[in-house]
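To convert a position in the sequence shown, counted from 1, into our numbering, add 24. Heads up, the thing below is written out as structure tokens.
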Amino acid sequence: MAPLRYLKNELGQDQDKIDAWYHHWILEGFTALETMVAATPYAAGADVTLADICVVPQVANARRLKVPLDRFPKIVAIDAACCKLDAFIKARPDQQARRGLSKSGSAPVGNVRIFFPGPGPPAEAEYFSIGPSPTPTGLAPGHQGR
């Protein structure tokens, strides 16, 4: 949201121009992304990946700013599948408010399994915390550095 504040506060753009700018870039990005994702049920297949973690907040912001999403059925399906998962539910902003956190506050809210594809067989799943992690790197103990 910092870019939107910059457009308003530093560049003096009115809300209609800011909304048009935001709509333009979401539509550009979602048009490209829609051709790349699988939605089976997640962006890259049966497991949640970093792509899914990035898509969900973009869809939430697009809905908040009333960007039409009817051209992006796969992205909408990915968002719906992710939003059924406990880690995504706990990470929602309204859930953070219920936990007594400010907008800038954070707390551990769950784990999402991330696969790191490589040239050989699938790598072991790594776990990332959504929120502060008990390890300095943000990776679960035992991360192999792939």
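Think of the CB as a built atom: it goes at the ideal place given N, C-alpha and C, for glycine as much as any other residue. Note that the coordinates shown come from a computational prediction; the quantities given were computed from them, not determined experimentally.
DSSP places Gly69 within a strand segment (E or B) once states are collapsed to three.
Distance from the CA of Ala67 to the CA of Lys108, rounded to the nearest whole angstrom, comes to 15 Å.
Per DSSP, reduced to three states, the secondary structure at Leu89 is coil, with no helix or strand assignment.
Burial check for Tyr30: the Cβ neighbour count within 10 Å stays below 16, so the residue is exposed. By the Cβ rule, the segment 67-79 does not count as touching the segment 31-44, because fewer than three pairs are nearer than 8 Å.
Thr59 carries a helical assignment under DSSP once its states are collapsed to helix, strand and coil.
The C-beta separation of Lys98 from Glu58 comes to about 6 Å, placing the pair in contact by the 8 Å criterion. For Ala56, there are no CB contacts under 7 Å within the same chain when 5 residues up- and downstream are skipped. The beta-carbon separation of Ala101 and Leu93, rounded to 11 Å, does not stay under the 8 Å limit for a contact. If you draw a straight line from the Cα of Arg88 to the Cα of Pro65, it comes to about 23 Å.
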